[in-house]
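**Student:** Encoded as structure tokens, here's the structure I'll be asking about.
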Amino acid sequence: MKTSRRDFIQTALAAGLSGCMSSRPPEKPLSEYQRGALGKIVGELPPGRYDAHMHIFVKDEPKPDEFWAEMRRCGLDGGCLFSRWVDSAAPELTPEKLMDRVIGWCAASPTLYPFYWIDPGAPDALDLVDMAVEKGIYGFKVIRSDGLPCDRKTMPVYEKIAKAGKPLTFHSGILWDNKPSSDFFRPAHFEPLIDVPDLRFALAHVSWPWHDECMAVYGKLQAAEPAEGRRLPQMFVDTTPGTPMLYRKEVVSKVYQIGYDMKDRVLFGTDASVSHYDKCDWAKPFMPADERILRGIGLGDDVLDSYFRKGLQHFLFG
Ligand SMILES: [Zn+2]
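Once you know that position 224 of the sequence shown is 223 in numbering that gives the first Met the number 0, the rest is easy, because the numbers rise by one and skip nothing.
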């Protein structure tokens, strides 16, 4: 059965409100926050801790209440959920269906934001950006494991996403995909994004093990002078592991100690999936570990709030 956007908005509004009330309510009444597409809170994220990097790996119908309840048990207050990818082994999951599914998984809270996993090299990529925006999708995710991230096919897709005002998270760093692909994920290959005005994009995993290169690209973009009459993109650093715990202190410390302006440009994420949040075995250790690292290098509550909330707020809403 095809579900219309209006049905989703009504479902999300109802489920969002009841889901929120049945767990811990935000500290401010919801009415104080502006509501956007699908009944989501926009503009300002309520106080709390957010996960900027979550996945759907299963093909199942959404179970939004179970997912949300497990997230809350793990101490998270919302975040971004990436759709499943277009998969030739599951032809029934069309792009439209995948968008509807991620919207459905996010329906239990107004602080869960659906992202669509797009192949920017696909012939219909530009049309899929339109479809996603029309459905109320909040952002995009790209993992391009069969080519460099920026070429003549993909750049118009990023430009369209930027014009729509939507954020874009790229996989960067080594990927366990059973094939030689690392060269496609080196941070320096994302430099052409310097020519996409106003694009808010994140490199996930601090590009581990190329985290130094990731920060060098960040520094270069921040120091760039826009050509006359043009605007620059905004790069964000997504610290989702990635990093084995052995490297965690080095990577997180370097992000904040390198000396660049990182204010509201760093995103905490877990890489947890809708069906694995229940164990908390991946999400749980990194949150206190990161907090210890940040406090250990002398950073206070304001930076922690930026790391766990305001960075994502800036990424989502500009
Ligand atoms: Zn991921």
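The beta carbon of each residue, even a glycine, is placed where N, CA and C say it ideally should be.
1) Taking residue 184 as part of the beta strand (DSSP E), name the residues at either end of that continuous run.
2) Is residue 234 helix, strand or coil when you go by DSSP?
3) Is the beta carbon of residue 172 sitting closer than 7 Å to the one on residue 77?
4) From the DSSP output, which residues share a beta bridge with residue 50?
5) Do residue 109 and residue 55 have their CB atoms nearer than 7 Å?
6) Could you give the first and the last residue of the continuous alpha helix (DSSP H) run that contains residue 112?
7) In whole angstroms, give me the CA-to-CA distance for residue 7 and residue 135.
8) Around the Cβ of residue 70, are there at least 16 other Cβ atoms within 10 angstroms (buried) or fewer (exposed)?
9) Go ahead and pull the three-state DSSP assignment for residue 295.
10) Mapping DSSP to helix, strand and coil, what is residue 83?
11) I'd like to confirm something about residue 319: is its beta-carbon nearer than 6 Å to some heavy atom of ligand 1, or not?
12) Going by the CB atoms, is the gap between residue 317 and residue 259 shorter than 7 Å?
13) Determine the extent of the alpha helix (DSSP H) in which residue 143 is found, giving its start and end residues.
14) From the DSSP output, which residues share a beta bridge with residue 138?
15) I'd like to know if the stretch 79–86 and the stretch 285–303 are in contact, where contact means that at least 3 CB-CB pairs between them fall below 8 Å.
16) Measuring CB to CB, does residue 238 end up less than 7 Å from residue 205?
**Tutor:** The structure says:
1) Position 185 of the sequence shown, counting from 1, holds the residue named residue 184. Careful: residue 184 lies outside any beta strand (DSSP E) and carries neither H nor E.
2) On the sequence shown, residue 234 is found 235 positions in, with the first residue counted as 1. In the structure shown, residue 234 sits in a strand (DSSP, three-state: E or B).
3) Counting from 1 along the sequence shown, the entry for residue 172 is found at position 173. Counting from 1 along the sequence shown, the entry for residue 77 is found at position 78. It is not a contact, given that the beta carbons lie outside the stated cut-off.
4) In the sequence shown, counting from the first residue as 1, residue 50 sits at position 51. Residue pairing by DSSP places residue 50 opposite 78 in a beta bridge.
5) One-based indexing of the sequence shown puts residue 109 at position 110. One-based indexing of the sequence shown puts residue 55 at position 56. Not in contact: residue 109 and residue 55 (Cβ atoms no closer than 7 Å).
6) Taking the first residue of the sequence shown as position 1, residue 112 is located at position 113. From DSSP, residue 112 is part of no alpha helix (DSSP H) but of the beta strand (DSSP E) over 111–116.
7) Taking the sequence shown and counting its residues from 1, the one referred to as residue 7 is at position 8. Taking the sequence shown and counting its residues from 1, the one referred to as residue 135 is at position 136. Since pLDDT at residue 7 reaches only 38, below the 50 mark, its modelled position is unreliable, and no value is offered.
8) Reading the sequence shown from its first residue, position 71 is the one you call residue 70. Burial call: buried.
9) Counting from one through the sequence shown, the residue named residue 295 turns up at place 296. Here residue 295 sits in helix by DSSP.
10) As a working mapping, residue 83 is identified with position 84 in the sequence shown. Of the three classes helix, strand and coil, the one that applies to residue 83 here is coil, per DSSP.
11) As shown, the chain starts at 0 and ends at 317. That puts residue 319 outside it, with no answer to give.
12) As a position in the sequence shown, residue 259 is number 260, starting the count at 1. As a position in the sequence shown, residue 317 is number 318, starting the count at 1. The answer is no: Cβ separation not under 7 Å.
13) Looking up residue 143 in the sequence shown gives position 144. It is not in any alpha helix (DSSP H) - residue 143 carries neither H nor E in the DSSP assignment.
14) For this step, residue 138 is matched to residue 139 along the sequence shown. 114, per the DSSP bridge assignment.
15) no
16) Here residue 238 refers to the residue found at position 239 when the sequence shown is read from its first residue. Here residue 205 refers to the residue found at position 206 when the sequence shown is read from its first residue. Yes; because the gap between Cβ atoms is below 7 Å, this pair is in contact.
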